[in-house]
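Remarks on the structure that follows.
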Amino acid sequence: VEDRDMWIRIAARFPVAIVPVPLTWYRRTPGSMSKNPERMEHFERVVLDRAFRMPELAGRPILRRKALGLAAYAAALMYRDAGTLGLAFTRALRSAQLWPFSY
């Protein structure tokens with residue numbers, strides 16, 4: 008989540024481009040935050056709330072709605088992977104409610 012916060016702040020101020028090759032690896036360790044869906048979901052929301060208070064993103068309600076929909080979708084996948092299917096289902100519904108369009 009901290010990395011996403013950094014990339015949002017960079018992208019809000021500077022031009023960015025998509026490079027279609029892997030440039031990094033993602034590593035999960037037993038004590039990492041990515042193993043805790045509740046914590047990840049909470050801090051993802053903190054990051055998005057902070058991002059949309061930035062002058063560069065304030066006043067962009069459609070983009071905010073899409074970002075929240077994508078975050079809910081990511082939370083659904085995390086809860087599914089953790090075996091918490093009820094929460095996965097509610098987050099998937101929330102995602103569709105916020106952004107029912109193709110990702």
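Residue numbers 8 to 110, in our numbering, belong to the letters of the sequence shown in order. We put the beta carbon where it would ideally sit given N, CA and C, even for glycine. Here the structure is a predicted model, which is why all the values come from computation and not from measurement.
Worksheet item: Does the stretch 22-34 come within contact of the stretch 70-81, defined as at least 3 CB pairs closer than 8 Å?
Response: No: fewer than three Cβ pairs fall under 8 Å.
Practice prompt. Determine the contact status of Ala78 and Pro44, defining contact as a CB-CB distance below 9 Å.
Written response: It is not a contact, given that the beta carbons lie outside the stated cut-off.
Worksheet item: In its own chain, which residues sit with a C-beta less than 8 Å from the C-beta of Arg11, not counting the 5 before and 5 after it?
Response: So the qualifying residues of the chain are Glu51, Val54.
Discussion item. Out of Gln104, Tyr80, Arg98, Phe59, which one is the CA nearest neighbour of Arg16?
Written reply: Among Gln104, Tyr80, Arg98, Phe59, the Cα nearest to that of Arg16 is on Phe59.
Item to complete: Tell me whether Trp106 sits in a helix, a strand or coil according to DSSP, three-state version.
Response: Per DSSP, reduced to three states, the secondary structure at Trp106 is coil, with no helix or strand assignment.
Worksheet item: When you compare only the Cα positions, how much space is there between Leu84 and Thr91?
Response: If I take the Cα positions, the gap works out to 10 Å.
Worksheet item: What do you get for Trp106, buried or exposed, if any count of 16 or more other CB atoms within 10 angstroms of its CB means buried?
Response: Its Cβ being crowded by 16 or more others within 10 Å, Trp106 is buried.
Worksheet item: Under the rule that 16 or more other beta-carbon atoms within 10 Å means buried, what is Glu48, buried or exposed?
Response: By the 10 Å Cβ count, Glu48 comes out buried.
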